[in-house]
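Residue numbers for the first sequence follow our numbering, so the first one is 1391 and each next one is one higher.
Built from N, CA and C at the ideal position, the CB exists for glycine as well.
Please read these numbers as outputs of a predicted model, since none were measured by experiment.
To start, the structure under review is shown below, and the notes come after it.
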Amino acid sequence: MNKPSNLFIYGKTGTGKTVSVKYTTNSLLETAFKNKIPLKVVYVNCKLKKVSDTEYRLVAQLAKEFGKMIPATGLPTDEVYKIFFKAVDSKNQIVILILDEIDQLAKKAGDAILYNLTRINEELRKSQLSIIGISNDLVFVDNLDPRVKSSLSEEEILFPPYNALQIQDILRERAKLAFKQGVLSNGVIEKCAAYAAREHGDARRALELLRVAGEIAERSGSQKVLLKHIDLAENKIERERILDAVETQPKQFQAVLYSLILLSKGKNLVFYTGDIYDVYKDLCDKINLRPLTQRRVSDIIGELDMLGIINARIISKGRYGRTREITLSTSKELTQKIEVLLKTALDID
DNA sequence: CCTCCACAGGAAGCGCAGGAGT
DNA sequence: ACTCCTGCGCTTCCTGTGGAGG
1391 MNKPSNLFIY GKTGTGKTVS VKYTTNSLLE TAFKNKIPLK VVYVNCKLKK
1441 VSDTEYRLVA QLAKEFGKMI PATGLPTDEV YKIFFKAVDS KNQIVILILD
1491 EIDQLAKKAG DAILYNLTRI NEELRKSQLS IIGISNDLVF VDNLDPRVKS
1541 SLSEEEILFP PYNALQIQDI LRERAKLAFK QGVLSNGVIE KCAAYAAREH
1591 GDARRALELL RVAGEIAERS GSQKVLLKHI DLAENKIERE RILDAVETQP
1641 KQFQAVLYSL ILLSKGKNLV FYTGDIYDVY KDLCDKINLR PLTQRRVSDI
1691 IGELDMLGII NARIISKGRY GRTREITLST SKELTQKIEV LLKTALDID
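Listed below in structure tokens is the structure:
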């Protein structure tokens, strides 16, 4: 029983990394089962908030996969490590640990975790542990602690992004199963692929786009999926993403966003952090919300920017200081919908 | 060339929630 | 009941800075 190498996989989103790994490990599990080799595969997505985006939660999640329940908080971290370690080493087995979106984890919680994990392997007596790291960030591995780097990337695989032609192939495969022949009008596949290729070759996006376009065509009573349905689909996907994001934000985030919407009713379209903060403070007064400091609001603006709800970029107004230049990134209709949504959420009027 | 604005954004740390052990 | 641990949102205090106006 040779110790399997650690493996590092990187490539942009939607290039099939996760699917490939899952497929491979599944067939590995089958072979192992046939030959009575004790193999366990654990898959963890490090990006999922509230599950495993900190050291404690990751290890707790891992332990959970081995049937050990760990509370969300309360234990010292090294205690959790011990529980996990014991669970792995409790019997003869090979364990494959898949850490998806590992770059997110290291960015948020530091690479000490990865070092600890790779070291566990050396201390295991009975079992063997092999780590598969999946990263969307291509340069991520270069910024790692050299010790982690050498042990984690014993083997490396790069998934290049799909180009438009490859996405077309994928879409055609899927279209055969999902659509009756001739339903897709000319150029629909090509257009979907082109959209997705522009988004760094994300095949998942392309498939979703095609699916939603199909739904829209069906609902509008069209016999065929037309090019315009793709535009509508892209619009719809984006709109729903934003509305969903807005609705699930905490109250303070919603208040900051609402302040920006209030400002945008004037004739200006571009605002600065200070403008928003002033309006925000007034708003807090009105709706009985404890105002946060400008420092915090500044972070919130940054996070709203990350969500794509607003655009914020740092500019310098020379003598008049350095600040963020902020605009709404949504269309008029969408902004109105958001406004209505926020009014209910914040209990205004 | 220097100054100085209006913030950006890093660092430390606080208070709370929630859980374990004793 | 009490101590010890963690995560999380937040405050406080701080240093850094691009470029218009002097």
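- request: Take Arg-1601 as the anchor and find which of Leu-1617, Arg-1631, Ala-1568 has the nearest alpha-carbon.
  value: Ala-1568
- prompt: Under three-state DSSP, which class holds Asp-1490?
  reply: strand
query: Just curious, the beta strand (DSSP E) that Val-1431 is in, first and last residue?
result: 1429 to 1435
message: Need the endpoints of the alpha helix (DSSP H) that Thr-1734 sits in, please.
response: Annotation: the continuous alpha helix (DSSP H) that includes Thr-1734 extends over 1722 to 1736.
- prompt: Who are the Cβ neighbours of Asp-1695 in its own chain at under 6 angstroms, not counting the five residues just before and after it?
  reply: Ala-1702
Straight-line Cα distance separating Ile-1521 from Val-1478: 13 angstroms
message: Give me, in chain order, the residues of the same chain whose beta-carbon lies closer than 6 angstroms to that of Ala-1603; leave out the 5 immediate sequence neighbours on both sides.
response: Hits under 6 angstroms: Val-1615, His-1619, Ile-1620, Ala-1623.
message: According to DSSP, Gly-1523 sits in a beta bridge with which residue or residues?
response: Phe-1398, Leu-1489
message: Taking DSSP's pairing of strands, which residues face Arg-1712 in a bridge?
response: Ser-1706
message: For Leu-1574, list the residues DSSP reports as bridge partners.
response: Val-1615
query: Are Val-1411 and Ile-1427 closer than 8 angstroms when you measure CB to CB?
result: no
- prompt: Shortest alpha-carbon distance to Gly-1577 belongs to which of His-1590, Leu-1561, Lys-1570?
  reply: Leu-1561
- prompt: On the three-state DSSP scale, how would you describe Thr-1405?
  reply: coil
- prompt: Which whole-angstrom value is the C-beta distance of Arg-1714 and Tyr-1662, which I expect to be below 8 angstroms?
  reply: 7 angstroms
field: For Glu-1589, three-class secondary structure by DSSP
entry: coil
task: Name the residue from Val-1432, Ile-1699, Tyr-1710, Tyr-1552 whose alpha carbon lies nearest to the alpha carbon of Arg-1629.
output: Ile-1699
- request: Let me know the secondary structure DSSP gives Gln-1518 once reduced to three states.
  value: Strand, per DSSP.
- request: Give the straight-line distance between the Cα atoms of Leu-1731 and Leu-1514, rounded to the nearest whole angstrom.
  value: If I take the Cα positions, the gap works out to 54 angstroms.
task: Using 7 angstroms as the cut-off, classify the Cβ of Glu-1729 as near or not near the heavy atoms of the ligand SAM, replying yes or no.
output: Among the components of this structure there are no ligands whatsoever, and the ligand SAM is therefore not found.
message: Could you compute how far the alpha carbon of Asn-1435 sits from the alpha carbon of Ala-1596?
response: 22 angstroms
query: Where does Glu-1544 sit, in a helix, a strand or coil, going by DSSP?
result: coil
message: Quick check: what's the CA-CA separation for Asn-1678 versus Val-1646?
response: 14 angstroms
task: Compare the C-alpha of Lys-1657 against each of Lys-1641, Thr-1717, Ser-1540, Val-1431 and name the closest.
output: Thr-1717
Start and end residues, alpha helix (DSSP H) containing Arg-1562: 1554 to 1568
- prompt: Does the beta-carbon of Gln-1644 have 16 or more other beta-carbons within 10 angstroms, so that it is buried, or is it exposed?
  reply: buried
task: Report the rounded CA-to-CA distance for Asn-1482 versus Leu-1548, giving the unit in angstroms.
output: 32 angstroms
query: Between the beta-carbon of Asp-1493 and the beta-carbon of Ser-1540, is there less than 8 angstroms?
result: No, they are not a contact pair.
- request: Would you decide whether Gln-1613 is buried or exposed? Buried here means 16 or more other CB atoms lie within 10 Å of its CB.
  value: exposed
Unbroken alpha helix (DSSP H) run spanning Asp-1739, endpoints: Premise fails: Asp-1739 is in no alpha helix (DSSP H) and is neither H nor E.
- request: If I'm right that Ile-1651 touches Glu-1729 with Cβ under 8 angstroms, what's the distance once you round it to whole angstroms?
  value: The distance from the Cβ of Ile-1651 to that of Glu-1729 is about 5 angstroms, consistent with a contact at the 8 angstroms cut-off.
query: Can you name the start and end residues of the alpha helix (DSSP H) that Lys-1454 belongs to?
result: 1445 to 1455
query: For Ile-1632, which of helix, strand or coil comes out of DSSP?
result: helix
- request: With distances taken Cα to Cα, identify the nearest neighbour of Ile-1557 among Arg-1588, Glu-1546, Glu-1545.
  value: Nearest in C-alpha terms to Ile-1557, of all of Arg-1588, Glu-1546, Glu-1545, is Arg-1588.
task: List the residues that DSSP assigns as beta-bridge partners of Tyr-1662.
output: Glu-1715
- prompt: Are the CB atoms of Asp-1490 and Tyr-1413 nearer to each other than 8 angstroms?
  reply: In this structure, Asp-1490 lies away from Tyr-1413, with their beta-carbon atoms at least 8 angstroms apart.
message: Using C-beta distances below 8 angstroms, list every residue in its chain close to Thr-1725, excluding the 5 sequence neighbours before and after it, in chain order.
response: Ile-1651, Ser-1654, Leu-1718
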